[in-house]
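Novice:
Protein chains: 4
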Amino acid sequence: MSSPAARPLPPGLVSLADHEAHARRVLDDNAWAYFSGGAADELTLRANRGAWDRLELLPRVLRPLAGGHTRVPLLGRTLAHPILLAPVAYQRMAHPDGELATAHAAAALGAGLVLSTQASTRLEDVAQAVLGDPGRGPLWFQLYLQPDRGLTRELVRRAEQAGYEALVLTVDAPVHGARDRERRAGFRLPPGIQAVNLAGRPAAPPPPLQPGQSALFDGLLAHAPTWEDLAWLQAQTRLPVLLKGVLHEDDARQAASLQLAGLIVSNHGGRTLDTTPASAARLPRIAEAVAGQLPVLVDGGIRRGTDVLKAMALGASAVLVGRPAIWGLANAGAMGVAHVLRLLRDELEIAMALCGCRTLDQAHGTLHSRFANTIYSHL
Amino acid sequence: MSSPAARPLPPGLVSLADHEAHARRVLDDNAWAYFSGGAADELTLRANRGAWDRLELLPRVLRPLAGGHTRVPLLGRTLAHPILLAPVAYQRMAHPDGELATAHAAAALGAGLVLSTQASTRLEDVAQAVLGDPGRGPLWFQLYLQPDRGLTRELVRRAEQAGYEALVLTVDAPVHGARDRERRAGFRLPPGIQAVNLAGRPAAPPPPLQPGQSALFDGLLAHAPTWEDLAWLQAQTRLPVLLKGVLHEDDARQAASLQLAGLIVSNHGGRTLDTTPASAARLPRIAEAVAGQLPVLVDGGIRRGTDVLKAMALGASAVLVGRPAIWGLANAGAMGVAHVLRLLRDELEIAMALCGCRTLDQAHGTLHSRFANTIYSHL
Amino acid sequence: MSSPAARPLPPGLVSLADHEAHARRVLDDNAWAYFSGGAADELTLRANRGAWDRLELLPRVLRPLAGGHTRVPLLGRTLAHPILLAPVAYQRMAHPDGELATAHAAAALGAGLVLSTQASTRLEDVAQAVLGDPGRGPLWFQLYLQPDRGLTRELVRRAEQAGYEALVLTVDAPVHGARDRERRAGFRLPPGIQAVNLAGRPAAPPPPLQPGQSALFDGLLAHAPTWEDLAWLQAQTRLPVLLKGVLHEDDARQAASLQLAGLIVSNHGGRTLDTTPASAARLPRIAEAVAGQLPVLVDGGIRRGTDVLKAMALGASAVLVGRPAIWGLANAGAMGVAHVLRLLRDELEIAMALCGCRTLDQAHGTLHSRFANTIYSHL
Amino acid sequence: MSSPAARPLPPGLVSLADHEAHARRVLDDNAWAYFSGGAADELTLRANRGAWDRLELLPRVLRPLAGGHTRVPLLGRTLAHPILLAPVAYQRMAHPDGELATAHAAAALGAGLVLSTQASTRLEDVAQAVLGDPGRGPLWFQLYLQPDRGLTRELVRRAEQAGYEALVLTVDAPVHGARDRERRAGFRLPPGIQAVNLAGRPAAPPPPLQPGQSALFDGLLAHAPTWEDLAWLQAQTRLPVLLKGVLHEDDARQAASLQLAGLIVSNHGGRTLDTTPASAARLPRIAEAVAGQLPVLVDGGIRRGTDVLKAMALGASAVLVGRPAIWGLANAGAMGVAHVLRLLRDELEIAMALCGCRTLDQAHGTLHSRFANTIYSHL
């Protein structure tokens, strides 16, 4: 393992898979188990990837391509391209520059950034580093609804004051999943890495249990957040709120009725509940259910520019990538994250050109039509 | 191989698959072939596992979870959770404490226990060990209809007097399957291990064969049990009788007409006839066929809490697990069995919470709806 | 390699797959390539096997089994069981006792025998060896329609006089397939092994070619046999004629209109044309097309008693196995062939019993009903 | 690696797959990466192959075969067989004799030849080498529409004057695909190998970019060819023009309305856009869309004579093979290419004979009918 701060971009990395293979060697087993692992047998982790692979693009020929571009509208802005960085905790475990490097790279490539509530860097420092960059993408803050409403309110205030432009509320992980790989590796946060934005504010202890009660249902989940808590959060902030972790149409429809700014179709990167459907398999159903009432984003297994194009074809307004940014970060700090983003965007442009697609609002026609009726059984 | 009686719970076992891998090292080849093997090419053995994996759970978000629990009603009782231990013969081959250890662990975790008629421990000793435990689950006795009705009647009397609360009649193994793995390993019962509850009562010799007759049909099966023998058994006992090994809807419907206490959808853990469907694939059809007239249980390949939730979603009233208890037993005696049960129950609670499912009567909604119409072709 | 004539039955062979693995070690590369190889990429060779595996049996319980048996009617006789030995050439290449050993084993186990026209033993010697055995199955002779009608007529006369009871006309191999494995191995008949029944009667040389003509179509196939030649053959003999190598419904219907004694659904063990359907996939269609007008037999990939039961369930009157007899022959001469047949028959009886099937005319009900409508897409 | 010019045909090559395995050893890593690689994860590269494998042929028996042949009509000529050599660039990288060897072999075997615009041999030299051969197949020239119309016009003039009989316009690669394998290998043209027909005519530099413009869309693709440019090309030449790289029905229909001489269904051998459908999967749809208005050819993954027959059955008028000719070339120069062509043609004749198919206009009936309705979901 080379001295991380001095890592230059290694030669020969021509795809995100190459970044992954290299990061495997750069990161120690502890960090690798944390960043790469999924829940239980990791079937959903693999399904996420396989679902994009199985979707087929149908090229077109001899169509006008000049002036094509990857720009998309989102929450009142025009983004240079539809690729955002998903929230990933403890990024200083991948590289000493951590979230600051990721944020700089995102800004340089015009990618939106969602900072994790469990970031290992102060949220104010991340915002300050990038808000002045005129080419940057959106800057959002991810959070969980804590049983302690005071803590939640304080995080929201800090995010607002620091300049974050939206809140991303993760709702698919009221409990930690069965992260078998982490547990087998005996994962522990390394010294000096912590969720600094929550520091000094430990979660309130769960209520005492009666005999026969469940430590989960009657303890940790006794105050698990509900739709009412979401309404409370919306009342606390002037920021738009997006809901992350929606897979069921009924939840999507309920969200659409609640003035939310967007949905993120996600299974938490396969890290919470194993054997859920791939997010790519749920995206078209969710997009259909909300019928354009609010933007739908998606994450999970996006590793190629073709995957981005397929997501847009299935109704996404934008996509998020998580682990690939960590691989780039581990491999070469900010330069590595930027390289990952550039590979994705270049591949997206090539895929658009070969599908005869000048702009992403033409993406719908790029998918092989046999999927029109059968996508759910094929994925 | 460490001295079995002194085995502590090995570190790093975070799933039933880990228990299996460890047990492979603890058990000798003879015992491993017996406990782990299936019939012929073991296609059904693998299909059992794969069918659960392919069923997809569809998470829900922001639903109230406080006060959730895993309790289920069964045969007039309320069980702490729907996980029972399936009958497995010769458990002292896995650990010197054998069936007693398994029974103690089941009682400690509130799991039902079905003692095998081929147990290597006296049925009275097992009953005595656990009947006084207030938190224990149901205690049932498994048996075959022997050609010798006197032997069957004696076993029933002993089970009744010892305090067993139901009889589980196994009907899917009138002949021993083609257990190729056992035969290749030259399996033999080790010295000191035997079916003590049948000891001294060898099966009656089959009738003498005429030339051209089949040793199977005209010999061993000349007195194979039929539906009439089942009626005779019911007349012999005041205990409820469950039928284990039903895969065909017509057999299920016939059973439902006969005052049975329950059905167990099972292919005998893939040990009798290879290339039968996975039990998970037959469960919804059987549940539909009996339409709630009697409880339907299922075993075969359940290795995750998610599998338990899926079984309940497909119409099961409870589930049984067999080999995993043997792995735990081999790895650490009663403590190992208890650990296996705890892992399963904890995973079940997590899966329920992530599916927004407070109680198991809500389980039906947790399965991805695309399976509603297509489950049979997907499994 | 042990001295072949003295090979006793090796220990530990409990299935036909075990026989195959052992034979791989006993036979040299030249013989192995000949006996085991298929056409081209051997996709059909593997598909034959996989199709039986994917068919699912649905067990029944508590049905009367006493007096069950495997007897089937065929061509006016009652066979002890429906398993025949398919024609395989040059069996002395597998064992010095060659076709005589195979014939003795077949007779001892009551299995029908089809002698190959390319046998390495005189057809009269084979007949003489077994015709006196009262328990033997049918004895048939396989032949090709040779461009030289005189040669064909002579073979027919010899077969009739020797006591053969039917002729099996192979029609699926007017040309040798692309036997890549044989060609890579540089297969050559060992010294002393030849098609003795054809000896001294080399095939007539093909007609001379004009420029631009095809060596295949204008040469070897200039006198390829047609339906007219079949009628000629039927006029030459009082023996019943079966057609071997039918996969298309239209060919089956034509055969049914021609007073043939039976059809054998076969793709020549995957040895002629690669990527044809598995014979198991064509069997039900062919059986349906001829609607009981004549018996339908099948070969290709049958390696388990469950496969035999499935074939009967799909409409077969009997089945043939080829390579497995060669494995047994290579492993232990006549005793090895007999062991292979015994394993198959024992497995068939077990499968029948577990499916609640006393006789093979009940076989239809043993297949999982989901295949009723979908068998063709599943295979 | 032996001295290439002196390579005799290696022994033991009995299929195109054998040629591939041998060529892997003959070629260095640089050339191998170029010739064998596909786009991105090479899913389409593998899908091309797998689609042919999964199509099933249904043999017929006892049909008249004498006088059968492989002749097909194409663009007013009668070809000895429907196999053409696809355009492949830089063939001198595979063998010093390069395109000349390939052309000689094609002529000797009566195969059509499509010379790549990026050939490493002058187009006039190739034409001169083969035009006098009376048994040769068609000679076509492949080109791209260059932004510099003068360069395109000059290439067309040279091709016309040299005697080429048609132009093949490749339209599926306006940009170079994500050739990850090439990039990982750091592919570079070896000294002395170049696109000699374009030498001295470098592509015009793309227009200068404004800030925020895309190097792809506003640069390289600013003058990407369109349907209008195709019309311009047709006006420049008296030669028939075929369009290569069509996968979408709408593009096929548009082509059919434009007096083109033919279409080539192709995904560029899986080298441009990954996760497009296999060409075999698109062929029947394209053939149906153009309804016989113009001939439809296909390439991509054809490695067996059975694949050629399947392509004809799905509506192709002829097929092209690319990489296999390069393998043969690398292995033994012209003799190797000729061997590859002979293997394919021999296999085609065998497949026809076994399917009871005397001529290729009977090919339609050879495919297993279950594909009639379901081909798209099976491929």
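In the order they appear, the protein sequences are chains A, B, C and D. The working numbering applies: residue 8 is where the first sequence begins, and numbers increase by one. The working numbering applies: residue 8 is where the second sequence begins, and numbers increase by one. The working numbering applies: residue 8 is where the third sequence begins, and numbers increase by one. The working numbering applies: residue 8 is where the fourth sequence begins, and numbers increase by one. Don't be surprised by glycine CBs; every beta carbon is placed ideally from N, CA and C. Bear in mind the structure is a predicted one, so any value in this text is a computation, not a measurement.
Where are the beta strand (DSSP E) runs, 3 residues long or more, that stay fully inside the segment 277-337 of chain D, in chain order?
Specialist: Runs found: 303-306, 325-328.
Novice: Any beta-carbon of chain A closer than 8 Å to the one on residue 221 of chain D?
Specialist: So, interface residue.
Novice: Near residue 125 of chain D, which residues of its chain fall below 6 Å by C-beta distance, leaving aside the five closest residues on each side in sequence?
Specialist: Correct list, in chain order: 96, 202.
Novice: Leaving out the 5 sequence neighbours to the left and right, which residues in its chain are closer than 7 Å to residue 384 of chain A when beta-carbon positions are compared?
Specialist: Residue placement at residue 384 of chain A is flagged as unreliable, the pLDDT there being 35, under the threshold of 50; a coordinate-derived value is accordingly withheld.
Novice: Could you check what DSSP says for residue 173 of chain B in three-state terms: helix, strand or coil?
Specialist: Residue 173 of chain B falls in the strand class under three-state DSSP.
Novice: Pick helix, strand or coil for residue 64 of chain B, following the three-state DSSP scheme.
Specialist: Residue state, collapsed to three classes: strand.
Novice: Using 8 Å as the cut-off, can you tell me whether the segment 219-226 of chain C makes contact with the segment 49-59 of chain D, which would need three or more C-beta pairs spanning the two stretches below that distance?
Specialist: Judged by Cβ distances under 8 Å, the segment 219-226 of chain C makes no contact with the segment 49-59 of chain D, as fewer than three pairs qualify.
Novice: So that I know if they touch, is there some Cβ in chain C lying closer than 8 Å to that of residue 156 of chain D?
Specialist: Not an interface residue.
Novice: I think residue 325 of chain A touches residue 304 of chain A, with their Cβ atoms under 8 Å apart; what is that distance to the nearest whole Å?
Specialist: With a Cβ gap of about 5 Å, residue 325 of chain A and residue 304 of chain A count as contacting.
Novice: Compare the C-beta of residue 234 of chain D with all C-beta atoms of chain A and state if any pair is closer than 8 Å.
Specialist: Interface residue, yes.
Novice: On the CB-based measure, 16 or more other CB atoms within 10 Å of its CB, does residue 141 of chain A come out buried or exposed?
Specialist: So residue 141 of chain A ends up on the exposed side.
Novice: Would you be able to state if there are at least three C-beta pairs under 8 Å between the segment 305-318 of chain D and the segment 14-28 of chain B?
Specialist: In short, these stretches do not touch, since the Cβ pair count stays below three.
Novice: Examine chain D for any beta-carbon lying closer than 8 Å to the beta-carbon of residue 224 of chain C, and answer yes or no.
Specialist: At least one chain D Cβ lies under 8 Å of residue 224 of chain C.
Novice: With a cut-off of 8 Å, does the C-beta of residue 184 of chain B fall near any C-beta of chain C?
Specialist: Cβ-Cβ to chain C under 8 Å: yes for residue 184 of chain B.
Novice: Who are the Cβ neighbours of residue 293 of chain B in its own chain at under 7 Å, not counting the five residues just before and after it?
Specialist: Excluding sequence neighbours, residue 293 of chain B sits near 253, 256, 259, 270, 272, 303.
Novice: Would residue 21 of chain D pass as an interface residue toward chain C - the criterion being a Cβ-Cβ separation below 8 Å?
Specialist: Closer than 8 Å: yes.
Novice: Alpha carbon to alpha carbon, what distance is there between residue 331 of chain D and residue 23 of chain D?
Specialist: Approximately 6 Å between the Cα atoms of the pair.
Novice: So that I know if they touch, is there some Cβ in chain A lying closer than 8 Å to that of residue 253 of chain D?
Specialist: Yes, its Cβ sits closer than 8 Å to a Cβ of chain A.
Novice: Any Cβ of chain B within less than 8 Å of the Cβ of residue 315 of chain C?
Specialist: No, residue 315 of chain C does not count as interfacial toward chain B.
Novice: Can you tell me whether residue 373 of chain C is helix, strand or coil according to DSSP?
Specialist: Helix, per DSSP.
Novice: In three-state terms, what does DSSP make of residue 386 of chain D?
Specialist: Unreliable placement is indicated for residue 386 of chain D, whose pLDDT of 34 sits below 50; the coordinate value is still reported in the next sentence. Of the three classes helix, strand and coil, the one that applies to residue 386 of chain D here is coil, per DSSP.
Novice: At a CB distance below 8 Å, what residues from the segment 323-340 of chain A approach chain B? Give them in sequence order.
Specialist: If the cut-off is 8 Å between Cβ atoms, the segment 323-340 of chain A has nothing near chain B.
Novice: Using a C-beta to C-beta distance shorter than 7 Å, which residues of chain D count as neighbours of residue 143 of chain A?
Specialist: Residues of chain D passing the Cβ test: none, with the nearest at roughly 14 Å.
Novice: Do residue 78 of chain D and residue 65 of chain D have their C-beta atoms closer together than 8 Å?
Specialist: Contact: no.
Novice: Does the beta-carbon distance from residue 239 of chain B to residue 261 of chain B come in below 8 Å?
Specialist: No, the Cβ-Cβ distance between residue 239 of chain B and residue 261 of chain B is not below 8 Å.
Novice: Hey, which unbroken runs of the alpha helix (DSSP H) at 4 residues or more fall wholly within the segment 87-134 of chain A?
Specialist: The segment 87-134 of chain A contains these whole alpha helix (DSSP H) runs: 105-115.
Novice: In three-state terms, what does DSSP make of residue 368 of chain A?
Specialist: It is helical.
Novice: Using 8 Å as the Cβ pair cut-off and three pairs as the minimum, do the segment 164-180 of chain D and the segment 241-251 of chain D touch?
Specialist: Yes: at least three Cβ pairs fall under 8 Å.
Novice: Run through DSSP, which three-state label would residue 269 of chain B get?
Specialist: Strand, per DSSP.
Novice: Closer than 8 Å, CB to CB, is residue 375 of chain A near chain D or not?
Specialist: For residue 375 of chain A, the answer is yes, since a Cβ of chain D falls inside 8 Å of its Cβ.
Novice: Rounded to the nearest angstrom, what separates residue 267 of chain A and residue 296 of chain A at their Cα positions?
Specialist: Rounded to the nearest angstrom, the two C-alpha atoms are 15 Å apart.
Novice: Determine whether the Cβ of residue 385 of chain A lies closer than 8 Å to any Cβ atom of chain B.
Specialist: Its pLDDT being 34, under 50, residue 385 of chain A is placed unreliably in this model, and the coordinates cannot settle the point.
Novice: Rounded to whole angstroms, how far is the Cβ of residue 277 of chain A from the Cβ of residue 307 of chain A, which I believe are closer than 8 Å?
Specialist: Yes, they are in contact, since the Cβ atoms of residue 277 of chain A and residue 307 of chain A sit about 7 Å apart, within 8 Å.
Novice: Helix, strand or coil for residue 361 of chain D? Go by DSSP, reduced to three states.
Specialist: Three-state result, residue 361 of chain D: helix.
Novice: With residue 148 of chain B as the anchor, note down where its beta strand (DSSP E) starts and where it stops.
Specialist: It spans 146-150 - the beta strand (DSSP E) in which residue 148 of chain B sits, taken as one unbroken run.
Novice: Closer than 8 Å by C-beta to residue 387 of chain C: which residues in its own chain qualify, once you throw out the five before and the five after it? Chain order, please.
Specialist: Here chain C has residues from 8 to 386 only, and residue 387 of chain C is not among them.
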